[in-house]
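Engineer: Numbering (the working numbering), first residue to last: 1 to 119. We put the CB at the ideal spot given by N, CA and C, even for glycine. The structure displayed is predicted, hence computed values, not measured ones. Below is a structure I'd like to ask you about.
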């Protein structure tokens with residue numbers, strides 16, 4: 001029997017904004033750095049990085065599927081959480097309202113430090 005891979009849904013804007021490293025000067029570049037950090041961490045989860053705005057042009061790489069939100073990144077994350085809730089997923093965000101919305105589907109939430117430790 002094949003094991004089902006847990007899905008890790010990452011709120012790109014929130015995780016990027018969790019570290020004041022000048023990300024606001026280059027939002028796309030910050031999203032690329034986060035994508036690469038997620039790809040390098042390994043693990044057996046399926047990683048979905050939700051991006052919005054200027055970061056929409058960031059491409060997927062092996063280990064990380066980039067999902068450009070057509071509108072609100074939060075709304076897209078809720079859609080994905082609802083779709084993956086039965087098979088198991090975790091949302092990475094510090095956004096309290098978003099956490100409440102995805103927890104309504106029984107989805108676990110963790111903060112940005114779970115994937116992006118502060119130096």
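I believe residue 76 touches residue 50 by the beta-carbon criterion, under 8 Å. Please report the beta-carbon distance rounded to the nearest angstrom.
Structural biologist: Correct: roughly 5 Å between the Cβ atoms.
Engineer: Using 7 Å as the threshold, is the C-beta distance between residue 67 and residue 98 below it?
Structural biologist: Cβ distance not < 7 Å, so residue 67 and residue 98 don't count as in contact.
Engineer: Under the rule that 16 or more other beta-carbon atoms within 10 Å means buried, what is residue 1, buried or exposed?
Structural biologist: With a pLDDT of only 40 at residue 1, under the threshold of 50, the placement of this residue in the model should not be trusted; the figure read from the coordinates follows. Classification of residue 1: exposed, given that the 10 Å Cβ count is below 16.
Engineer: Can you tell me the Cα-Cα spacing of residue 33 and residue 85, whole angstroms?
Structural biologist: Going by the C-alpha atoms only, they are around 28 Å apart.
Engineer: Compute the Euclidean distance between the alpha carbons of residue 115 and residue 39, then round it to the nearest angstrom.
Structural biologist: Distance between the alpha carbons of residue 115 and residue 39 is about 11 Å.
Engineer: Considering just the uninterrupted stretch of the beta strand (DSSP E) at residue 65, what are its terminal residues?
Structural biologist: Segment 64–68, the beta strand (DSSP E) holding residue 65.
Engineer: Out of 100, 93, 30, which has the shortest C-alpha to C-alpha gap to residue 9?
Structural biologist: With distances taken between Cα atoms, residue 9 lies closest to 93.
Engineer: Where residue 89 and residue 117 are concerned, what is the direct C-alpha to C-alpha distance, given to the nearest angstrom?
Structural biologist: Answer to the nearest angstrom: the Cα atoms are 21 Å apart.
Engineer: When you compare the CB positions of residue 7 and residue 46, do they come within less than 7 Å of one another, or not?
Structural biologist: Against a cut-off of 7 Å, the Cβ pair of residue 46 and residue 7 comes out as a contact.
Engineer: Kindly indicate which three-state DSSP category residue 48 falls into: helix, strand or coil?
Structural biologist: It is a strand residue.
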